[in-house]
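J.:
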Amino acid sequence: MRRKLAAGNWKMNGTGASLSEVEALIAAHPDPKVDVLLCPPATLLERMSRLANGSAIATGGQDCHAAESGAHTGDISAPMLADAGASHVIVGHSERRDDHGETDAMVRAKAEAAHRAGLVAVICCGESLAEREGGLTLDIIGGQLAGSLPDGATGANTVVAYEPIWAIGTGKIPTTGQIGEVHDFIRAELVKRFGAEGEAIRVLYGGSVKPSNAAEIFAVANVDGALVGGASLKAADFSPIIAALEEA
Ligand code: PEP
Numbered sequence: 023m024r025r026k027l028a029a030g031n032w033k034m035n036g037t038g039a040s041l042s043e044v045e046a047l048i049a050a051h052p053d054p055k056v057d058v059l060l061c062p063p064a065t066l067l068e069r070m071s072r073l074a075n076g077s078a079i080a081t082g083g084q085d086c087h088a089a090e091s092g093a094h095t096g097d098i099s100a101p102m103l104a105d106a107g108a109s110h111v112i113v114g115h116s117e118r119r120d121d122h123g124e125t126d127a128m129v130r131a132k133a134e135a136a137h138r139a140g141l142v143a144v145i146c147c148g149e150s151l152a153e154r155e156g157g158l159t160l161d162i163i164g165g166q167l168a169g170s171l172p173d174g175a176t177g178a179n180t181v182v183a184y185e186p187i188w189a190i191g192t193g194k195i196p197t198t199g200q201i202g203e204v205h206d207f208i209r210a211e212l213v214k215r216f217g218a219e220g221e222a223i224r225v226l227y228g229g230s231v232k233p234s235n236a237a238e239i240f241a242v243a244n245v246d247g248a249l250v251g252g253a254s255l256k257a258a259d260f261s262p263i264i265a266a267l268e269e270a
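My numbering numbers the first residue of the sequence shown as 23 and each following residue consecutively.
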């Protein structure tokens, strides 16, 4: 009942030449059975959005400021992302939390700004290796969800991405049992707080998803898709991940 979502996060990668990968993806997936989202760097957002207009590929930002405009050099607001053609924005990625000291309260304010601008907020959470090894994973995730999700979160305006920090870009992934435990926990927390809407909010897994492990991950209950970093940069890698999600 929840439509699956394959989301790509290009991070600080890509120039105009990389748009040929988007053309290849559009050609390979004219009518996918799942939602497909690409979040390029801000410099490519408008060009990618124009290119993908009329295709099944949606575009999103990788971050937004909590304010609509103002004296915030280098930042981009949610209405600006929408103006550039975005329908989604990632907020609270662990690289933003680490590199820029973003707290749960800041992530929540960004998600609220995204909602005000009509964007779907893809809100990330995830534990560090030390937290996992200390047996704190569910406590950390529970705290991040409570602190980062706005009260107005619904299945239409919010996606949660579970991204264990130690699995991002490392090639290490949790076991399917570990992924299932956290996704079941997130689902239960969402239903506890949001009732029926908590059932409708999609929960993605992220962290070293590749064509070779995608099917196994997508078979886990309560995994509604993936947030993919490195393997979303090339159509040859992202396309089989989309296909695996269509099969799941
Ligand atoms: C990410 O940063 O969102 C991510 C999941 O990266 P990777 O797939 O490269 O581990």
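Every residue, glycine too, gets a C-beta built ideally from N, C-alpha and C.
1. In angstroms, rounded to a whole number, what distance separates the CA positions of asparagine 222 and proline 63?
2. Give me the residue from Val181, Asn235, Ala257, Ile187 with the minimum Cα distance to asparagine 244.
3. Along the alpha helix (DSSP H) that carries threonine 159, what are the first and last residues, could you check?
4. Could you check which residue in Ala100, Pro186, Ala104 has the C-alpha nearest to that of glutamate 153?
5. What is the DSSP secondary structure of valine 44, counted as helix, strand or coil?
6. Verify whether the separation of the beta carbon atoms of serine 271 and alanine 189 is less than 9 angstroms.
7. Thinking C-beta only, is methionine 70 closer than 9 angstroms to cysteine 86?
8. Indicate the three-state DSSP secondary structure (helix, strand or coil) for arginine 25 in the structure shown.
9. Once you ignore the five residues that flank threonine 37 on each side, which residues in its own chain have a CB closer than 7 angstroms to its CB?
10. Residues bridged to cysteine 147 by DSSP?
11. Under 8 angstroms Cβ to Cβ from serine 304, same chain only, skipping five residues before and after it: list those, please.
12. Taking 8 angstroms as the cut-off, is the C-beta of valine 113 nearer than that to any heavy atom in ligand 1?
13. Return the first residue and the last residue of the beta strand (DSSP E) that aspartate 57 is part of.
14. Could you give the DSSP three-state label for leucine 297: helix, strand or coil?
15. So is alanine 28 buried or exposed if we call it buried at 16+ other beta carbons inside 10 Å?
16. Are the CB atoms of histidine 115 and asparagine 179 within a distance shorter than 9 angstroms?
17. Here's the rule I'm using: 16 or more other beta-carbon atoms within 10 Å means buried, otherwise exposed. How should leucine 151 be labelled?
18. Run the proximity test for leucine 249: is its beta-carbon closer than 8 angstroms to any non-hydrogen atom belonging to ligand 1?
19. Taking C-alpha atoms, which residue in Arg118, Gly165, Lys132 lies nearest to glutamate 211?
20. In the DSSP assignment, find the beta strand (DSSP E) that holds histidine 137 and state where it starts and stops.
T.: For this structure:
1. Checking the displayed sequence, the identity of residue 222 turns out to be alanine instead of asparagine. Between the C-alpha atoms of alanine 222 and proline 63 there is a straight-line separation of about 28 angstroms.
2. Residue Val181 is the option with its Cα nearest to asparagine 244.
3. Residues 159-170.
4. If you compare the alpha carbons of Ala100, Pro186, Ala104 with that of glutamate 153, the shortest gap goes to Pro186.
5. In the three-state DSSP reduction, valine 44 falls in the helix class (H, G or I).
6. Here the chain covers residues 23 to 270 and nothing more, so residue 271 does not appear.
7. No, the pair does not count as a contact, with Cβ atoms beyond the cut-off.
8. For arginine 25, the secondary structure class from DSSP, reduced to helix, strand or coil, is coil.
9. Closer than 7 angstroms at the Cβ level, and outside the excluded window around threonine 37, lies no residue.
10. Looking at the DSSP output, cysteine 147 shares a beta bridge with Tyr184.
11. Since the displayed the chain opens at 23 and closes at 270, residue 304 lies outside it and no answer follows.
12. No - ligand 1 has no heavy atom lying nearer than 8 angstroms to the Cβ of valine 113.
13. That run of the beta strand (DSSP E) goes 57-61.
14. Lying outside 23 to 270, the shown extent of the chain, residue 297 is not represented and no answer is given.
15. Classification of alanine 28: buried, given that the 10 Å Cβ count is 16 or more.
16. The Cβ atoms of asparagine 179 and histidine 115 lie no closer than 9 angstroms to each other.
17. Exposed.
18. For ligand 1, at least one heavy atom lies less than 8 angstroms from the Cβ of leucine 249.
19. If we check each option's Cα against that of glutamate 211, Gly165 comes out closest.
20. Segment 126-138 is the alpha helix (DSSP H) holding histidine 137; no beta strand (DSSP E) there.
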